[in-house]
Amino acid sequence: MICCSRCGKTVSSDEIGLTKKLINRGATSFFCYACLGAQFRISTEALQKMVIVLREAGCTLF
Ligand SMILES: [Zn+2]
Numbered sequence: 096m097i098c099c100s101r102c103g104k105t106v107s108s109d110e111i112g113l114t115k116k117l118i119n120r121g122a123t124s125f126f127c128y129a130c131l132g133a134q135f136r137i138s139t140e141a142l143q144k145m146v147i148v149l150r151e152a153g154c155t156l157f
């Protein structure tokens with residue numbers, strides 16, 4: 096089980112993929128939507144939409 100590096104909440108595979116996309120592909124610490132959103136000033140809803148768009152685009156991280 097992987098937890099958010101900032102708040103300790105369990106992160107989903109989508110959140111892991113998005114951390115890699117936003118920070119870097121070799122990331123070894125991961126963040127939940129709320130903490131990614133706080134860091135990049137993006138809402139959780141916008142991050143979830145980003146995952147859907149990236150998945151539909153065939154991104155290999157999702
Ligand atoms: Zn978090």
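For the sequence shown, the residue numbers in our numbering are 96 to 157. All C-beta atoms in this analysis are idealised placements derived from N, C-alpha and C, irrespective of residue type, glycine included.
Item, Value
"Ala-122 CB to nearest heavy atom of ligand 1 below 7 angstroms", "no"
"Limits of the unbroken alpha helix (DSSP H) element including Arg-150", "139–151"
"DSSP three-state assignment for Phe-135, whether helix, strand or coil", "helix"
"Assigned exposure category for Phe-125 - 16 Cβ within 10 Å defines buried", "buried"
"Three-way DSSP call (helix, strand, coil) for Cys-127 in this model", "coil"
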